[in-house]
Each structure stands twice: as structure tokens, then as C-alpha cells.
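J.: Starting off with a structure, shown below.
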Amino acid sequence: MEQVLDKDSVATLRFVSEQGEPFTIDLKEELGISDATFTEDVENQPAKYAWWVSVLERTRQKVRAKEDAVDYIYAKLSNKARSDLDKPTVASIDSYVKVNQDYVEALEELRFWQGRVDMLNGIVKAFEQRERMLMQKGAQLRLSLNNERVHWFDIK
Numbered sequence: 001m002e003q004v005l006d007k008d009s010v011a012t013l014r015f016v017s018e019q020g021e022p023f024t025i026d027l028k029e030e031l032g033i034s035d036a037t038f039t040e041d042v043e044n045q046p047a048k049y050a051w052w053v054s055v056l057e058r059t060r061q062k063v064r065a066k067e068d069a070v071d072y073i074y075a076k077l078s079n080k081a082r083s084d085l086d087k088p089t090v091a092s093i094d095s096y097v098k099v100n101q102d103y104v105e106a107l108e109e110l111r112f113w114q115g116r117v118d119m120l121n122g123i124v125k126a127f128e129q130r131e132r133m134l135m136q137k138g139a140q141l142r143l144s145l146n147n148e149r150v151h152w153f154d155i156k
């Protein structure tokens, strides 16, 4: 199966709230910085960062639960293989488990959530970079304001 990605599908994430309501977040908008909204961007940065870190942690919890499910299915099938196979070996038990549809599906779910953790790690890093950009932009604004004041007071 081929996955088609474009800038819009990568930059837009869909979530479901705890109340079951779907909502969409546009990462370009979420991470954007503008002179017109600079003060608001600075004020909202900590809350946005905290929200994304909490989403990342919840997703990590989901990964841990999926890892446990994969381990459980593996153990259950491994025990079944020992009774079903004539002369079970480590390799034959492993093969028996890995071709089982329940195991394959559990592993696919785990890989899905691991991919989401990787993606969210990138988003959290982008918010850390955004914080540095906001600090730099603030410093530049202060410097330009100081330079304007100096020039205004120097007029004779």
C-alpha cells in the first residue's frame, strides 16, 4: 500500500477530544509567528508547549499498552505452539507466533502508535525551536526600540 503525503496532509492533524468530538489542528498555524500577533504568540507558547507534551505522553502510554498487548499475545501463542507443534524449537515457536493474525495485528497497532510518538517528538522539538525564535524576535524588537529612542532623543 502506497501512502501519499502532501504538505497539507502532513501539516494538519486530526484528533478526537475526550468528549468524542473530532477537531483538527493546522501545524503551520499552530507554530506560526507573526509581528501582528507577537505578544499573543509569546503568551500562548507555554500552554501550547504543555498541551503538545501531554499529547506526546498520552501517546507514549498508548505505546506501552500496545507493547504489553504484543508481549501477552506472543506469550499466549508461544504456549499454544508448544502444545500444537510436534517437536517445538525456539525458531518454530517464533515462526508460529509471528504468522498468527492476532500477533500481526497487534504489532501493526504498536508500529502505528510508535510512529505517532516519533511524529509528536518532532512537533515538541518544533515548539522548543519556536520558543527560541520568539526569544530572538523579542530581543530584536527591544534592540530596534532602543535604537529608535536613541535616534529620537539625539535630534537637535
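Residues in the sequence shown are numbered from 1 upward in steps of one, following the numbering used here.
Every residue gets a Cβ at the ideal spot worked out from N, C-alpha and C, and that includes glycine.
Note that the structure is a prediction, hence the values are computed from the model and not measured.
For residue 45 versus residue 134, is the C-beta spacing smaller than 8 Å?
T.: yes
J.: Use the C-beta contact count for residue 1: other C-beta atoms within 10 angstroms, 16 or more gives buried, fewer gives exposed.
T.: A caution first: residue 1 carries a pLDDT of 47, below 50, which makes its placement in the model too unreliable to give a value.
J.: Roughly how many angstroms lie between the CA atoms of residue 74 and residue 113, to the nearest whole one?
T.: 18 Å
J.: How is residue 35 classed by DSSP in three states: helix, strand or coil?
T.: It is coil, neither helix nor strand.
J.: Using the three-state DSSP reduction, which class does residue 89 fall into: helix, strand or coil?
T.: coil
J.: How long is the line joining the alpha carbons of residue 32 and residue 55, rounded to whole angstroms?
T.: Spanning the two alpha carbons is a distance of roughly 19 Å.
J.: Taking a contact to mean a Cβ-Cβ separation below 8 Å, would you say residue 37 touches residue 26 in this structure?
T.: no
J.: Mind checking which residues open and close the beta strand (DSSP E) that includes residue 16?
T.: 12-16
J.: Going by DSSP, name the residue or residues bridged to residue 24.
T.: For residue 24, which the question treats as bridged, DSSP gives the partners 14.
J.: To the nearest angstrom, how far is it from the Cα of residue 100 to the Cα of residue 111?
T.: 17 Å
J.: Excluding the 5 residues flanking residue 69 on each side, which residues of the same chain have their C-beta closer than 7 Å to its C-beta?
T.: 106
J.: Could you give the DSSP three-state label for residue 44: helix, strand or coil?
T.: helix
J.: What is the rounded straight-line gap between the Cα of residue 72 and the Cα of residue 83?
T.: 17 Å
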